[in-house]
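In what follows, a structure is listed as structure tokens, so that the remarks can point back to it.
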Amino acid sequence: MVMNNSGLLKGIRVLDLTRVMSGPFCTSMLADLGAEIIKIEMPGFGDEARHFGPYQEDESTYFMMLNRRKKSVTVNIKEQQGRDIVKALVPQCDVIVENFRPGVMQRLGLGEDAVRALNPTIIYASISGFGQDSPLKNWPAFDLVIQAMGGLMSLTGPKGGPATAVGESMADVCTGMFGAFGIVSALFDRERSGKGHSVDVAMLDSIMAMQLTGLSRQLYAGDTPKPVGNRHPVTYPVDSFATQDGDIVMVCFSQGAFRALCGVMGQPDLADDARFKSNDNRNTNEDALRAIIANWAATQTQDALVETLQNAGIPAGPVWTLQDLTQSDHVAERGLVTEGAHQKFGKVPLVPQPVKFNGAAHVGEAFVPTLGEHTDEVLGELLDLDQTEIGALRANKVI
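Per this note's numbering, the very first residue in the sequence shown carries number 121; after that it's consecutive.
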């Protein structure tokens, strides 16, 4: 099978020792750009994500979404022979990515110093919960833990309500994105300097860096944000409202936008009402203003209200479910859901990284590897092992 033979990262080979979400999301982004990803998995078990639901006929669709365009090679890195295989692959790779807890790779003899001795120009990327030098580096880290410690939960949920997690694994996802950003940046510098780099990406750092509005209040004014529901924490009315057949959001980001809203509601005098004439006044009297807008919105249909607001120059949109989104004309036109290949299921839906590059070569059809699907291919082509040698490794449960 010919895979990942074009694209912006054509010719870049990545040794992927990641599992679950943040690391695999990172390497999937690189794969979408044409990098060759050699995913190392434990024989007989694989990436833990293969055992996370939801499932389709015992295959994890969660795993499918995160591991497109990767070659699955089963190697038992708990065994010395397995570690030797990984070390033999290192000189032929441009990047190694791992997301074990700090110290694990060193104990396996695969730490940065050992790897760099084999390949001085390699990019060594480590993704962890708290970073390689944090006093919390030995704490186990999962998305919910990071959302909690990263302040995101303290900002999310209804006004006066309990801290609430975002409805997706945002800490994992943003860490994966920052990881891919760091790796590509290091590769670019290597082209100029000829030097390898280490990339240290922490989930807690990443989720913190995403919270610019809250941090602008905390760091500059000592104002610790609290949950405010769907409204913007500073500007009002920037909020969601119910219509006859679904919710909408509107963004009255300026005095002009608020005046336009008052006009389309048929209450132009509200713009000069002392309770609402400035953003500070509207924040102080939010409950009264919200009731006025909510009563008006409840008389409209979702589509009609969005159209009315947009025609008045007020940014607005419907609150969509994932079903609404995936079935939308936008997703179809932008090609956000693509078909991939799977040995068992044939065609499967996948969502590749979303950035469009003008004139970039297409990297070919996406695919999802079954466990160990490419073991013989990679060991034969890159390490020159013959079938007898591969068979012996398999018999010894090294691969």
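Beta carbons are placed, not taken as given, at the ideal position from N, Cα and C, and that holds for glycine.
Remember, it's a predicted structure, so these values are computed and weren't measured experimentally.
- In the DSSP assignment, PRO144 falls within the alpha helix (DSSP H) that extends over 142-152.
- For the options ARG337, ASP365, GLY270, GLY302, the alpha carbon positioned closest to that of MET328 is the one of GLY270.
- Restricting attention to GLY314, PRO489, ASP367, the CA atom closest to the CA of PRO144 is found in PRO489.
- The beta carbons of ALA245 and GLY302 sit closer together than 8 Å.
- Buried is the label assigned to LYS191, since at least 16 other Cβ atoms lie within 10 Å of its Cβ.
- Here THR458 carries a strand assignment [DSSP, helix/strand/coil].
- Under the criterion of beta carbons closer than 8 Å, GLU179 and VAL140 do not qualify as touching, at roughly 17 Å.
- Counting other Cβ atoms within 10 Å of its Cβ, ASN219 reaches 16 or more and is therefore classed as buried.
- In the DSSP assignment, the residues bridged to ARG133 are GLU156.
- Look at PHE487 here: in three-state DSSP terms it is strand.
- A contact is defined here as three or more CB-CB pairs under 8 Å, and the region 308-320 fails this definition with respect to the region 254-263.
- The criterion of a C-beta distance shorter than 8 Å is not satisfied by SER374 and ASP367.
- In chain order, LEU129, ILE132, VAL134, ILE157, VAL215, ALA300, ILE303, VAL304 place their CB closer than 8 Å to the CB of LEU150, counting only its own chain and leaving out the 5 sequence neighbours on each side.
- In the structure shown, LYS191 falls within a strand segment according to DSSP collapsed to helix, strand and coil.
- Counting the other CB atoms within 10 Å of its CB gives THR276 a total of 16 or more, which places it among the buried residues.
- Sequence-distant Cβ neighbours of VAL439 in its own chain, meaning closer than 7 Å and more than five residues away, are SER360, GLY366, ASP367, ILE368, VAL369.
- Nearest in C-alpha terms to GLY460, of all of PRO174, ARG188, TYR175, is ARG188.
- For LEU470, DSSP records a beta bridge to THR458.
- The count of Cβ pairs closer than 8 Å, one atom from the region 322-340 and one from the region 278-297, reaches three, so the stretches are in contact.
- Per DSSP, the unbroken beta strand (DSSP E) holding MET370 starts and ends at 367-371.
- Along the region 183-231, the beta strand (DSSP E) occurs as fully enclosed runs of 3 or more residues at 190-194, 215-218, listed in sequence order.
- A distance below 6 Å between beta-carbons, with the five flanking residues on each side excluded, links ALA512 to no residue of its chain.
- When C-alpha distances from ASP400 are compared across TYR356, MET385, THR508, the shortest belongs to TYR356.
- Counting the other CB atoms within 10 Å of its CB gives HIS482 a total below 16, which places it among the exposed residues.
- PHE262: not part of any beta strand (DSSP E); DSSP gives it neither H nor E.
- Proximity to LYS346 across GLY376, LYS279, SER398 peaks at LYS279, based on C-alpha coordinates.
- In the structure shown, the three-state DSSP call for VAL426 is helix.
- A direct Cα-to-Cα measurement between GLN338 and PRO353 gives close to 12 Å.
- Distance from the CA atom of LYS476 to the CA atom of MET185, rounded to whole angstroms, is 19 Å.
- Shown here for GLN422: same chain residues with a beta carbon closer than 7 Å to its own, the five before and five after excluded, namely THR363, ASP365, GLY366, ILE368, PRO438 in chain order.
- Separation of the CB atoms of GLN201 and LEU502 is rounded to 16 Å, and the pair is thereby denied contact status at 8 Å.
- At a Cβ-Cβ threshold of 8 Å, ALA261 and GLY249 count as neighbours.
- The beta carbon of ILE510 sits closer than 6 Å to those of ASP496, LEU499, all from its chain and outside the five residues before and after it, given in chain order.
- Listed in chain order, the non-local C-beta contacts of ARG402 below 6 Å within the same chain comprise TYR356, PHE396, LEU409, local neighbours out to five positions each way being set aside.
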